[in-house]
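Below: the structure, in structure tokens.
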């Protein structure tokens, strides 16, 4: 082999990947569902006690709190979403940190779903580079810590967020 001869290396042609219409419709559906959750939260008035906002939707009060004296893992989620969509991120994190994280994920799902539906670019493929075990374990850890926080502030009468 001489210096002028360079071996060919196979590389597939680069072409822009686009999703089929069914993938775009799925992305749009995810975006619209996320938007519906955020709009519903915006229509609710956050309960200053830090929980019970879901009762405005016709759901019953948390029986776990009444039976065991501690909030359930989901207590404060709706209140947290309601504070989040109002831009009061401190209140959202205070009343239920996992609710604030889920609200942030709903915003990301709304915008990325719109992007994927409009452009057809499979942006979700980037998630393949993050091992799913890290995502699931991280979310479970965050949920557990958020529940511990909620129990702590409830038992120490620090739950809620007063404006004014």
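In this note's numbering, the protein residues as written are 20 to 183.
By construction, the Cβ of each residue, glycine as well, lies at the ideal position given by its N, Cα and C atoms.
{"Item": "Reducing DSSP to helix, strand and coil, say where residue 75 ends up.", "Value": "helix"}
{"Item": "Measure the C-alpha to C-alpha separation of residue 91 and residue 170 and round it to an integer number of angstroms.", "Value": "8 Å"}
{"Item": "With residue 161 as the anchor, note down where its alpha helix (DSSP H) starts and where it stops.", "Value": "151-174"}
{"Item": "Taking the alpha-carbon positions, what's the residue 127 to residue 39 distance?", "Value": "22 Å"}
{"Item": "Between which residues of its own chain and residue 64 is the CB-CB distance below 8 Å, once the five residues before and five after are set aside?", "Value": "72, 75 and 101"}
{"Item": "My understanding is that residue 122 touches residue 111, with C-beta atoms under 8 Å, so please give their C-beta distance in whole angstroms.", "Value": "7 Å"}
{"Item": "Determine the direct distance from the alpha carbon of residue 147 to that of residue 141, and round the result to whole angstroms.", "Value": "11 Å"}
{"Item": "With a threshold of 6 Å on Cβ separation, who are the neighbours of residue 54 within its own chain once the five nearest residues in sequence on each side are excluded?", "Value": "129"}
{"Item": "Mind listing, in chain order, the continuous alpha helix (DSSP H) runs of no fewer than 4 residues lying wholly within the segment 88-137?", "Value": "96-104 and 108-114"}
{"Item": "So which of 37, 23 and 33 has the shortest CA-CA distance to residue 135?", "Value": "37"}
{"Item": "How big is the Cα-Cα spacing for residue 114 and residue 133?", "Value": "30 Å"}
{"Item": "Out of 86, 67, 97 and 33, state which residue places its alpha-carbon closest to the alpha-carbon of residue 78.", "Value": "97"}
{"Item": "Give every residue of the same chain whose Cβ lies closer than 6 Å to the Cβ of residue 174, excluding the five residues on either side of it in the sequence, and list them in chain order.", "Value": "none"}
{"Item": "Around the Cβ of residue 70, are there at least 16 other Cβ atoms within 10 angstroms (buried) or fewer (exposed)?", "Value": "buried"}
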